[in-house]
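K.L.:
With our numbering, letter number 19 in the sequence shown gets 32, and the count goes up by one each step, no holes. We treat Cβ as the ideally placed atom computed from N, Cα and C, and that holds for glycine.
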Amino acid sequence: MEGFFIFIPMSKILIIGRGLAGATLSLQMLNQNIEHHIIDDPNASASSKIAAGLINPIVLKRLKLVHEAELFLSSAIKFYENNSSLHQYLGTLPLKHVMASTGEQNDWEVKRGLLPYSHILGEQAVNTLAHLTAPLGLGVLPKIHRLNTEAYLDYHKAIYTVSEPILNQNIRHDTLTTLKTQYSKIIICNGHLASSLYPQFQSMLSPTRGELLTIHTKDLPEDTIYHASIFILPLGNQLFKIGATYHWDHLNDRPTDDAKNQLIKKLEKIFTGSYKITNHQAGVRPTVKDRKPILGKIEQGVYSFNGLGSRGALMAPLLAEQLLQFILNNNPLNPLYDIKRFTND
Numbered sequence: 014m015e016g017f018f019i020f021i022p023m024s025k026i027l028i029i030g031r032g033l034a035g036a037t038l039s040l041q042m043l044n045q046n047i048e049h050h051i052i053d054d055p056n057a058s059a060s061s062k063i064a065a066g067l068i069n070p071i072v073l074k075r076l077k078l079v080h081e082a083e084l085f086l087s088s089a090i091k092f093y094e095n096n097s098s099l100h101q102y103l104g105t106l107p108l109k110h111v112m113a114s115t116g117e118q119n120d121w122e123v124k125r126g127l128l129p130y131s132h133i134l135g136e137q138a139v140n141t142l143a144h145l146t147a148p149l150g151l152g153v154l155p156k157i158h159r160l161n162t163e164a165y166l167d168y169h170k171a172i173y174t175v176s177e178p179i180l181n182q183n184i185r186h187d188t189l190t191t192l193k194t195q196y197s198k199i200i201i202c203n204g205h206l207a208s209s210l211y212p213q214f215q216s217m218l219s220p221t222r223g224e225l226l227t228i229h230t231k232d233l234p235e236d237t238i239y240h241a242s243i244f245i246l247p248l249g250n251q252l253f254k255i256g257a258t259y260h261w262d263h264l265n266d267r268p269t270d271d272a273k274n275q276l277i278k279k280l281e282k283i284f285t286g287s288y289k290i291t292n293h294q295a296g297v298r299p300t301v302k303d304r305k306p307i308l309g310k311i312e313q314g315v316y317s318f319n320g321l322g323s324r325g326a327l328m329a330p331l332l333a334e335q336l337l338q339f340i341l342n343n344n345p346l347n348p349l350y351d352i353k354r355f356t357n358d
């Protein structure tokens with residue numbers, strides 16, 4: 014393919030894909046003055062651009078902490094806040110979870126008395142919002158960070174392209190064969206599309222199509238995230254992101270009426286105010302079958318940084334640094350995330 018047959022020093026590292034994983038890996042490399050190139054097809058997948066960007070260490074559906082939650086959280090906040098330019102894309106809001114049962118209320122009270130849950134879970138509160146249906150009250154998370162993923166990706170593109178262009182290409186397996194002769198190391202970060210480069214990813218990934226709505230309403234506060242079977246995320250200017258769905262079919266970025274109707278039904282179950290839909294988006298998450306990221310060596314000179322799923326904003330900073338330490342210094346990877354758990358190498 015034109016553009017690939019130029020002289021490139023073999024010490025160069027190539028990142029394929031520039032979603033949350035690829036962009037964060039690139040920023041970590043820029044911080045360490047590690048030269049690298051990026052190839053990305055901006056039309057291939059929109060999941061990172063439309064992601065909610067919540068840096069939430071707890072799975073509210075099951076009231077269970079993400080594995081190594083505190084480590085991921087502290088690393089993510091340090092990464093975003095210590096960079097003065099990135100800090101502007103990080104916001105903090107309380108999250109109020111709509112209680113669905115007395116069992117959930119009891120579980121909340123038990124867990125918020127235990128470490129490390131007590132660092133995250135706040136008290137339960139009576140609902141005072143006129144247009145919110147929450148007869149059993151709300152569980153409050155006083156401080157949840159949110160990354161503006163679209164602005165974050167735009168920022169990375171702007172600072173990276175100061176010195177290097179981003180090659181906008183759709184990589185195929187035959188293209189990868191050529192690239193392996195030009196780069197000393199290649200890191201695959203292109204989400205569910207990794208299966209088109211290495212078929213073995215099909216046995217690791219269970220991609221899910223997620224769809225979101227953006228609504229305009231005057232009947233919701235703009236200083237709080239609400240969560241039930243969906244989240245309601247304020248964007249400013251009386252706009253709110255509503256999501257998300259999980260579908261294992263039609264793995265593309267085209268919104269569907271079925272998902273739209275599902276989101277409307279879930280929204281109107283807890284929200285009785287007036288609203289107008291202003292946008293409807295879809296993207297495919299690179300969900301892994303065991304719900305853990307895929308890091309490590311695929312073959313000689315080729316590595317994976319993939320499968321962050323819906324928690325990319327939380328996990329990407331720490332895992333990017335760990336992968337770099339593995340590639341450059343041969344530091345061991347956490348076996349829970351190592352691709353070897355699938356390949357048995």
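If contacts are defined as beta-carbon pairs under 8 Å, then Ile29 and Cys202 qualify, I think. What distance do you get, rounded to the angstrom?
P.N.:
The C-beta distance from Ile29 to Cys202 rounds to 6 Å, short enough to fall under 8 Å.
K.L.:
Once the 5 residues before and after Ser61 are set aside, which same chain residues still bring their CB inside 7 Å of it?
P.N.:
Gly32, Leu33, Thr162, Leu166, Gly325
K.L.:
Hey, Phe307 and Leu276: beta-carbon distance below 8 Å or not?
P.N.:
First, the amino acid is wrong: residue 307 is Ile here, not Phe. Note that the C-beta distance between Ile307 and Leu276 is not below 8 Å.
K.L.:
Is Thr227 helix, strand or coil when you go by DSSP?
P.N.:
The answer is strand: DSSP assigns Thr227 an E or B state.
K.L.:
DSSP puts Glu94 in a beta bridge; with which residues?
P.N.:
Looking at the DSSP assignment, Glu94 forms no beta bridge with any residue, so it has no partner.
K.L.:
Per DSSP, which residues does Gly309 bridge with? Please list them.
P.N.:
DSSP, once it has assigned bridges, lists Ser317 as partnering Gly309.
K.L.:
From which residue to which residue does the alpha helix (DSSP H) around Gly35 run?
P.N.:
33–44
K.L.:
Suppose the cutoff is 6 Å on Cβ atoms and the five residues either side in sequence are ignored; what does the same chain contact list for Gln294 look like?
P.N.:
Ile63, Leu225
K.L.:
With Pro330 and Phe92 assumed to form a contact (beta carbons below 8 Å), what rounded beta-carbon distance in angstroms separates them?
P.N.:
4 Å
K.L.:
What are the partner residues of Phe85, as DSSP defines its beta bridges?
P.N.:
Looking at the DSSP assignment, Phe85 forms no beta bridge with any residue, so it has no partner.
K.L.:
Go through its chain and collect everything with a Cβ distance to Leu264's Cβ below 7 Å, but skip five positions before and after it.
P.N.:
His205, Pro220, Arg222, Val297
K.L.:
Using a Cβ-Cβ cut-off of 7 Å (strictly less than) and excluding sequence neighbours within five positions of Asn343, which residues of its own chain qualify?
P.N.:
Same-chain partners within the cutoff: there are none.
K.L.:
Under a three-way DSSP split, which group does Lys302 fall into?
P.N.:
coil
K.L.:
Measure the CB-CB distance between Ile133 and Pro70 and report whether it falls below 8 Å.
P.N.:
A contact, by the Cβ cut-off of 8 Å.
K.L.:
Verify whether the separation of the beta carbon atoms of Ile157 and Leu43 is less than 8 Å.
P.N.:
no
K.L.:
Can you check whether the CB of Pro107 is closer than 8 Å to the CB of Thr237?
P.N.:
Cβ distance < 8 Å, so Thr237 and Pro107 count as in contact.
K.L.:
Have a look at Thr105 and Phe318 and give me their C-alpha separation to the nearest angstrom.
P.N.:
27 Å
K.L.:
Could you give the residue range of the beta strand (DSSP E) that holds Tyr239?
P.N.:
238–240
K.L.:
Spatial neighbours of Thr37 within its chain, please: C-beta separation below 7 Å, excluding the five flanking residues on both sides.
P.N.:
Close CB contacts of Thr37 within its chain, under the 7 Å cut and outside five residues either way in sequence, are with Ala329, Pro330, Ala333 (chain order).
K.L.:
Is any heavy atom of the ligand GTP found at a distance shorter than 7 Å from the C-beta of Val301?
P.N.:
Here there are no bound small molecules, and the ligand GTP is not part of this structure.
K.L.:
Are Ile245 and Tyr288 touching if we call contact CB-CB under 8 Å?
P.N.:
no
K.L.:
Determine, using beta carbons only, whether Ala138 and Val153 come nearer to each other than 8 Å.
P.N.:
yes
K.L.:
Would you kindly report the start and end of the unbroken beta strand (DSSP E) that includes Val123?
P.N.:
From DSSP, Val123 is part of no beta strand (DSSP E) but of the alpha helix (DSSP H) over 115–124.
K.L.:
When the Cα atoms are used, what is the spatial distance from Glu81 to Arg125?
P.N.:
A straight line joining the alpha-carbon of Glu81 with that of Arg125 spans about 18 Å.
K.L.:
What's the call for His110, buried or exposed, on a 16-neighbour Cβ count within 10 Å?
P.N.:
buried
K.L.:
Going straight from the alpha carbon of Gln195 to that of Arg185, what length do you get?
P.N.:
16 Å
K.L.:
Would you mind sorting Gly320 into buried or exposed? The rule is 16 or more other CB atoms within 10 Å of its CB.
P.N.:
buried
K.L.:
Under the three-state reduction of DSSP, which class applies to Thr291: helix, strand or coil?
P.N.:
Three-state DSSP puts Thr291 in a strand.
K.L.:
Let me confirm a value: Leu341 is counted as buried when at least 16 other C-beta atoms fall within 10 Å, else exposed. Which label applies?
P.N.:
exposed
K.L.:
Assign Gln338 to one of three DSSP states: helix, strand, or coil.
P.N.:
helix
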